[in-house]
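Chemist: This is the structure, below, for whatever I ask next.
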Amino acid sequence: MDRVWRKLDVIEKITDDDIRKKVKKTFEEAARRGGWTEDSIFDIPFTLLIPDCPVSLIEHTKQVAEMALDNAERMAAAYNFYKFDKDTLIAGGILHDVGKLLEYKVDNGKFVKSKLGKYLRHPFSGCAIAYEMGLPPAVCHCIAVHAHEGDSGWRSIEAIAINKADFTNFESIKEALGIR
39 MDRVWRKLDV
49 IEKITDDDIR
59 KKVKKTFEEA
69 ARRGGWTEDS
79 IFDIPFTLLI
89 PDCPVSLIEH
99 TKQVAEMALD
109 NAERMAAAYN
119 FYKFDKDTLI
129 AGGILHDVGK
139 LLEYKVDNGK
149 FVKSKLGKYL
159 RHPFSGCAIA
169 YEMGLPPAVC
179 HCIAVHAHEG
189 DSGWRSIEAI
199 AINKADFTNF
209 ESIKEALGIR
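When we follow the numbering used here, the leftmost residue of the sequence shown carries the number 39, and every step to the right adds one.
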């Protein structure tokens, strides 16, 4: 998966070697379980809600992780009381959609929901695999609450940054493509 990690180079900003290794292990295990290869993983659209989506899951993941980090760093620079855990934020940003590697499949040349995906949306499957791979609860929390499933509960500062970056990316792409 060297090509994936070259693209998701923000992972190198994770200072804790154990967390960085577990992020890679989580992503690679989800890809393996989903039946994706290093080449096919770059073809996965970031959403099934945009017909013929021109943005890949990998590109979306990169943008969300970097946008969330940039926003949190700007907030911390502006407000001395604003504290966030950089490793948690980056790990959560990279893995926020990792469950889509299990939620999606290719059927007759089209990306569709897998059997698992029909029962469990990606925040659930992503959180489960991250927890199984030994990532800290704070990272699993970011994955679990990044989407609408987290709207009615508490989100950490890191999870807020990821949630807002994710929806800024999604909604902006929809608008740019004229999808309402």
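Virtual Cβ for every residue (Gly too), placed ideally from N, Cα, C.
1) Between Pro161 and chain B, is the shortest Cβ-Cβ distance under 9 Å, so that the two count as touching?
2) Could you give the first and the last residue of the continuous alpha helix (DSSP H) run that contains Asp40?
3) Assuming contact is defined by CB atoms lying nearer than 9 Å, are Ile79 and Ile96 in contact in what I supplied?
4) Mark Lys138 as exposed unless 16 or more other C-beta atoms lie within 10 angstroms of its C-beta, in which case mark it buried.
5) Opposite Lys143 in the DSSP bridges: which residues?
6) Pull up the CB-CB distance for Ala68 and Val177, whole angstroms please, since I reckon it's below 8 Å.
7) Is Pro174 helix, strand or coil by DSSP?
8) First and last residue of the alpha helix (DSSP H) that includes Lys51?
9) Throw me the rounded Cβ distance for the Cys180 and Glu196 pair, which I believe falls under 8 Å.
Modeler: According to the structure data:
1) No chain B is part of this structure, which consists of one protein chain only.
2) Taken as a continuous stretch (DSSP letters only), the alpha helix (DSSP H) holding Asp40 covers 40 to 45.
3) Contact check for Ile79 against Ile96 passes: the beta carbons are separated by less than 9 Å.
4) Counting every other CB atom within 10 Å of its CB across the protein chains shown gives Lys138 a total of 16 or more, marking it as buried.
5) Per DSSP, Val150.
6) The Cβ separation is near 14 Å, so there is no contact.
7) Coil.
8) Run containing Lys51: none; DSSP gives neither H nor E here.
9) About 6 Å; that satisfies the 8 Å criterion.
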